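Here is the structure we will look at.
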Amino acid sequence: MAARFFEGQEHAALYQKYRPLSPAEIHNLILNYLQRKKGKPFSLAVDVGCGSGQSSRELAPFFEKVVGIDVSEAQIEEAKKMGGLDNVSYRLGLAEQLEFEDSSVDLVIAGTSAHWFDMERFMKEVDRVLKPKGCMALYCYQAPFELHYKGCSENLTQIVQEMFKTLVPYESEKRQIVRNEYKEVFDAITFSDKERVDNIPFKRQVSISCAIGFIKSLSYYQTFQKKDPEAAKASLERTEQKLLQAMGVSSSDTMLEMKLNAFCLLASKPE
Ligand SMILES: C[S@@+](CC[C@H](N)C(=O)[O-])C[C@H]1O[C@@H](n2cnc3c(N)ncnc32)[C@H](O)[C@@H]1O
3 MAARFFEGQE HAALYQKYRP LSPAEIHNLI LNYLQRKKGK PFSLAVDVGC
53 GSGQSSRELA PFFEKVVGID VSEAQIEEAK KMGGLDNVSY RLGLAEQLEF
103 EDSSVDLVIA GTSAHWFDME RFMKEVDRVL KPKGCMALYC YQAPFELHYK
153 GCSENLTQIV QEMFKTLVPY ESEKRQIVRN EYKEVFDAIT FSDKERVDNI
203 PFKRQVSISC AIGFIKSLSY YQTFQKKDPE AAKASLERTE QKLLQAMGVS
253 SSDTMLEMKL NAFCLLASKP E
């Protein structure tokens with residue numbers, strides 16, 4: 003049974019607003035891998051657990067067609083609202099039941115999603131829908147992130163780490179898969195041609211509000227909010243105040259650098 007999170011409209015809207023984290027660094031790595039293993043043409047990419055479509059849109063220039071699928075109706079609604087790209091479409095669907103023809107897909111990609119899937123069933127579907135030499139790429143990044151601003155980066159990162167500590171009791175068991183950097187996911191990949199790339203750093207310029215919004219969009223913050231709305235709100239407000247104070251600024255629109263560390267699993271179907 004697939005894990006059901008990210009279902010609420012409000013959560014999906016938060017996701018769209020604060021999680022534009024589809025790093026070009028990772029996409030370039032994946033596209034180079036696909037070029038090396040299968041080569042062109044790049045006809046169809048399927049973005050599984052596409053959320054509000056960040057990755058799907060980034061892939062659009064490189065494929066004839068990109069289809070984003072997600073189990074959450076609210077996420078698909080948010081993705082559709084973005085519109086604007088003729089070769090990208092979104093539909094409701096399950097990772098464990100990919101509604102594509104046998105041997106029809108060049109790339110199956112899942113960004114910060116694979117830990118939610120039933121890997122055994124997902125892998126069977128990936129094996130079925132990929133073309134020979136077609137590729138699968140599963141990436142994710144670690145939390146907490148680092149924050150950098152003038153001379154107080156260490157202090158800011160510590161404030162974020164403290165906030166994340168308060169979220170630990172609200173993490174689902176799926177978070178452990180991320181903490182283990184997808185070791186179980188890697189083991190569950192049935193293609194013998196597989197590799198992993200670790201420590202892919204990437205940065206974003208964000209406002210303090212965006213950094214706070216990012217935390218708010220996490221599934222485990224959402225669980226905290228459901229269980230204890232007042233404590234969750236107060237904890238986030240405290241974090242925001244501490245960041246403002248440490249930076250010596252009064253506006254949450256002040257920009258700073260958010261630094262994350264990603265990892266990516268790559269695999270290719272036999273010929
Ligand atoms: C953390 S979000 C990632 C969204 C997007 N890929 C990104 O990089 O921002 C995880 C997404 O996976 C979806 N999801 C979880 N389990 C799924 C499943 N079994 N099949 C399809 N989508 C699933 C959730 O609804 C959610 O939108």
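Residue numbers for the sequence shown follow the numbering used here, so the first one is 3 and each next one is one higher. Think of the CB as a built atom: it goes at the ideal place given N, C-alpha and C, for glycine as much as any other residue. These numbers were taken from a predicted model, which means no experiment stands behind them.
- Residue nearest to K185 within the set L140, L245 and S270 is L140 (criterion: CA-CA distance).
- Distance from the C-beta of G113 to the nearest heavy atom of ligand 1 is below 8 angstroms.
- The Cβ neighbour count for S54, taken over all protein chains shown within 10 Å, is at least 16; the residue is labelled buried.
- Counting the other Cβ atoms within 10 Å of the Cβ of R59 gives 16 or more, which makes it buried.
- Inside the region 47-115, DSSP marks whole alpha helix (DSSP H) runs of 4 or more residues at positions 56-61 and 75-84, from first to last along the chain.
- Here the alpha carbon of Y143 sits roughly 28 angstroms from the alpha carbon of K42.
- Within the same chain, Cβ atoms closer than 6 angstroms to the Cβ of L109 are found at L36, A47 and C137, the five residues on either side in sequence being excluded.
- For the options E101, D200, F147 and H150, the alpha carbon positioned closest to that of K126 is the one of E101.
- At least one heavy atom of ligand 1 lies closer than 8 angstroms to the C-beta of I71.
- Here L94 is exposed. Its C-beta has fewer than 16 other C-beta atoms within 10 Å.
- V128 is positioned such that its CB atom lies closer than 9 angstroms to that of K271.
- Only residues of its own chain outside the window of five on either side were considered, and among them A97 have a CB closer than 6 angstroms to the CB of F119, listed in chain order.
- By the criterion of a C-beta distance shorter than 7 angstroms, L33 is surrounded in its chain by F64, once the five residues flanking it on both sides are discounted.
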